[in-house]
Structure formats: C-alpha cells, structure tokens
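Peer 1: Okay, here's the structure, questions in a sec.
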Amino acid sequence: MLRITPVPVTEKGWDTGLVDAALRQTAPRLAYLIPDFHNPTGHLMPQEQRRDLARAARATGTWLVVDETLTDIALDVAAPPPFAAAAAGGDSEQIVSVGSLSKTCWGGLRVGWVRASSRVVTELARVRITADLSGSVLDQLVAVALMDRLDVILPKRLAELRLRRDALTSAPALPDWVA
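As structure tokens, then:
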C-alpha cells in the first residue's frame, strides 16, 4: 500500500528537524526530494541540510529519490553539486538522482537520466528490459549528443532564461489575456 507523508517546504526552506522526525516516525522506504530550485518555492537546499537529510535517510533505511531536473537552471548562483556529493561515509548508496534535459535544453525532449550506485543502475537496466515502454531511440541519441555539448548549450540557455525572467519581472502588469 502506498502512503504519502508530505513534509512542507516553507518560505524559509526546509525544516530538516521536521523531515528527520517524519523519517523516524514513518520509516518510509522512499522519500522524493526536489532540493534544487524547488518547485514551486524556488528554494535551493544548503549543503549542510543535504548532509543531514542523507544521514537521516541512512539511519531509517529510506531511499532518497532526488529530482535534479532543475539543477542546471541556476540563473543567479552557481549550480549546486549533485545531492549525493553531500553524503559522507557511504550515505550515498541509498540516493538515486533523476533528471531530464527538458528544462536544460528543450521541453519537447522527454528523455530522463539516472545517477546512482553501479548496483542500482545495473538493477534498473535489468528491470527496464521488461517494464519499459521503450522511449524513442532518436530522442535518446539526441540526448546523448546534447549532453556532450552542455558546456556550449547551457550558457546560451541560461542567458535566454534570464532575459525571459527579467522581462516578466519588469513588466508593469500581466497581459490582458492572462486572467
């Protein structure tokens, strides 16, 4: 049975004490996090909180699925390192990072990626053979080509996103068609 236990992200960010308490009280098998530019708050989780959450998850046997889709979209700060980098002393074994190129490169590219231990990646590849609905091979090849060129693509994409953000935030009002 699936039981969801939400933990709020406030205007000040994550309350790691509350997250730790939720993990200890419910001992979930899995916790889903968006630590980088959290949607909808935009918060970026500090490294210390990442370490604390990795330790708390390890202590309760909770796997962390960390959505890093927005990590590269750092408009005004340096992009944070992968969440697993904050885990010390073997805490990263239970961390599975996921993401896609849809925000970084193009919204129409529906190809995801996984970063995890070699054991987890091997198991996911084994399961994928029987459970996958088979993503487009062409899209996957495009994704590989884009990932090889992110150092060229990303600065241009970030400049474009900054221009859009600045235009939106400097507008005196929303257009009439937005109701």
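Position in the sequence shown (first residue = 1) + 276 = my numbering. Don't be surprised by glycine CBs; every beta carbon is placed ideally from N, CA and C.
Within the region 305-391, note down every full alpha helix (DSSP H) run reaching 4 residues or more, in order along the chain.
Peer 2: As far as the region 305-391 is concerned, its whole alpha helix (DSSP H) runs of at least 4 residues are 323-336.
Peer 1: How big is the Cα-Cα spacing for H319 and D312?
Peer 2: 7 Å
Peer 1: Measure the C-alpha to C-alpha separation of G411 and R441 and round it to an integer number of angstroms.
Peer 2: Annotation: G411 to R441 spans about 32 Å, alpha carbon to alpha carbon.
Peer 1: I'd like the list of long-range same chain contacts for A401, defined as Cβ closer than 7 Å, with 5 residues on each side in sequence excluded.
Peer 2: none
Peer 1: Could you check where the alpha helix (DSSP H) with V397 kicks off and where it finishes?
Peer 2: S394 to A407
Peer 1: Reducing DSSP to helix, strand and coil, say where T286 ends up.
Peer 2: strand
Peer 1: Pull up the distance between the alpha-carbon of T345 and that of G383, whole angstroms please.
Peer 2: 12 Å
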